[in-house]
Amino acid sequence: MSVYDFKVLNQQKEEVSLEKYKGKVLLIVNTATGCGFTPQYKGLEELYEKYKEEGFEILDFPCNQFFKQAPGSDEEINSFCSLRYNTQFPRFKKVEVNGKNAEPLFVYLCSQNEKSKYKKVKWNFTKFLVDRKGNVIARFEPTEKPESFEAKIVEALKNE
Numbered sequence: 005m006s007v008y009d010f011k012v013l014n015q016q017k018e019e020v021s022l023e024k025y026k027g028k029v030l031l032i033v034n035t036a037t038g039c040g041f042t043p044q045y046k047g048l049e050e051l052y053e054k055y056k057e058e059g060f061e062i063l064d065f066p067c068n069q070f071f072k073q074a075p076g077s078d079e080e081i082n083s084f085c086s087l088r089y090n091t092q093f094p095r096f097k098k099v100e101v102n103g104k105n106a107e108p109l110f111v112y113l114c115s116q117n118e119k120s121k122y123k124k125v126k127w128n129f130t131k132f133l134v135d136r137k138g139n140v141i142a143r144f145e146p147t148e149k150p151e152s153f154e155a156k157i158v159e160a161l162k163n164e
């Protein structure tokens, strides 16, 4: 099994197969617009702009599960991110990442990193790095700013 086996909903509530991203390096992130980590959108967009031509994609999944820090509709969240941080990477429908209603993709992502002491998403802006074959190769906690793991993204992009 890999991330390519999952289907998620885009903001228009249309099903999207993650197989669409096969062969790309992915950074899958649960985000929130009203969180102390929200300024990480700037660093994420910078990484996206820098490496998208090399096959790098960021998949943004807003989540209102942590202290209700993503309260708006999908459209409001998208507008906020586009206007405030000029984000251009794909943003999907708001999801839950933990518990009985957790998006299956996030259940899978959390199960793949044995080195992490966390078996669930700890907070907003937890980031999962996925290689070109669909394998989770790293997990970055909310406190880890995007620029702090740029070298890992570059390394993943070099590997076929």
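Using our numbering, read the sequence shown as starting at 5 and increasing by one per residue.
Backbone N, C-alpha and C define an ideal beta-carbon position, used for all residues, glycine too.
Closest residue to residue i among the options (Cα-Cα distance)
| i | options | result |
| --- | --- | --- |
| residue 23 | 61, 57, 37 | 61 |
| residue 4 | 111, 18, 54, 29 | The chain is shown from 5 up to 164; residue 4 falls before or after that span and cannot be answered. |
| residue 87 | 27, 46, 17 | 46 |
Residue i - partner residues in DSSP beta bridges
| i | result |
| --- | --- |
| residue 19 | 13 |
Under 8 Å between C-beta atoms of residue i and residue j
| i | j | result |
| --- | --- | --- |
| residue 65 | residue 96 | yes |
| residue 101 | residue 69 | yes |
| residue 34 | residue 130 | yes |
| residue 133 | residue 31 | yes |
| residue 11 | residue 20 | yes |
| residue 150 | residue 13 | no |
Buried/exposed call for residue i, threshold 16 Cβ in 10 Å
| i | result |
| --- | --- |
| residue 72 | exposed |
| residue 18 | exposed |
| residue 137 | exposed |
| residue 74 | buried |
**Message:** Please give me, in chain order, every unbroken run of the alpha helix (DSSP H) with length at least 4 that falls completely inside the stretch 43 to 105.
**Reply:** 44 to 55, 78 to 89
**Asked** In the stretch 119 to 150, which residue ranges form an unbroken beta strand (DSSP E) of at least 3 residues, counting only runs that do not cross its ends?
**Response** 131 to 134, 140 to 144
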